[in-house]
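For the sequence shown, our numbering assigns the number 39 to the initial residue and increments by one for each residue that follows.
See structure below.
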Amino acid sequence: MILATVILLLFGLIAWSAVGTLETKAEAKVVVKDYQAQVVVSESETVKEGMPLRIDSQEFKILSVEQDEYGRTMAYAEVTMPDGIYDGCVVVEQIHPVEFLLESR
């Protein structure tokens, strides 16, 4: 019984490592006005065009990125949310755990 449980756990871990993802996220404040989101990234992560922006359970795409006069990273996206200020995050990296094993150094 214990051996069957261990084998089942190992197969589950292998399956998760093949199809699961680990994400690095940068927390952000999002100001929405007229369906345009201005994203202020609070961390020094590198944000680029095309990265996913998540607000609540919705996902949008970063359209442009620039630095403001204070050195903060500002990103912009079109969204389908009402005007307001939201907490969000930008996914800066996604990796499958199995890639750690297959990565050659």
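C-beta: ideal position from N, C-alpha, C; glycine also.
Could you tell me which residues DSSP puts in a beta bridge with residue i?
{"i": "P1", "result": "Residue 1 cannot be examined here, being either before or after the span of the chain that is shown, 39 to 143."}
{"i": "E104", "result": "M112"}
{"i": "V79", "result": "A66"}
Excluding the 5 residues flanking residue i on each side, which residues of the same chain have their C-beta closer than 7 Å to its C-beta?
{"i": "T111", "result": "V79, V85, V103, Q105"}
{"i": "M89", "result": "I100, V128, V129, V130"}
In terms of residues, what are the limits of the beta strand (DSSP E) holding residue i?
{"i": "G122", "result": "122-133"}
{"i": "T111", "result": "111-116"}
{"i": "E61", "result": "60-71"}
Counting along the chain, where does the alpha helix (DSSP H) carrying residue i start and finish?
{"i": "V136", "result": "136-140"}
{"i": "V57", "result": "40-57"}
Does the beta-carbon of residue i have 16 or more other beta-carbons within 10 angstroms, so that it is buried, or is it exposed?
{"i": "L140", "result": "exposed"}
{"i": "V211", "result": "Since the first residue of the chain shown is 39 and the last is 143, residue 211 is not available in this structure."}
{"i": "M200", "result": "The shown model of the chain, from 39 to 143, leaves out residue 200, and the question about it has no answer."}
{"i": "I93", "result": "buried"}
{"i": "L91", "result": "buried"}
Who are the near neighbours of residue i in its chain, counting only those whose CB is closer than 6 Å to its CB and skipping five residues on each side?
{"i": "M119", "result": "V70"}
{"i": "D121", "result": "V70, K71"}
{"i": "E131", "result": "T62"}
Could you check how far apart the C-beta atoms of residue i and residue j are, in whole angstroms? I think they sit under 8 Å.
{"i": "I133", "j": "T59", "result": "7 Å"}
{"i": "F138", "j": "A115", "result": "Contact doesn't hold; Cβ gap of about 31 Å is too wide."}
{"i": "I100", "j": "V128", "result": "7 Å"}
{"i": "A113", "j": "V77", "result": "4 Å"}
Using a Cβ-Cβ cut-off of 8 Å (strictly less than) and excluding sequence neighbours within five positions of residue i, which residues of its own chain qualify?
{"i": "Y73", "result": "E116, V117, T118, M119"}
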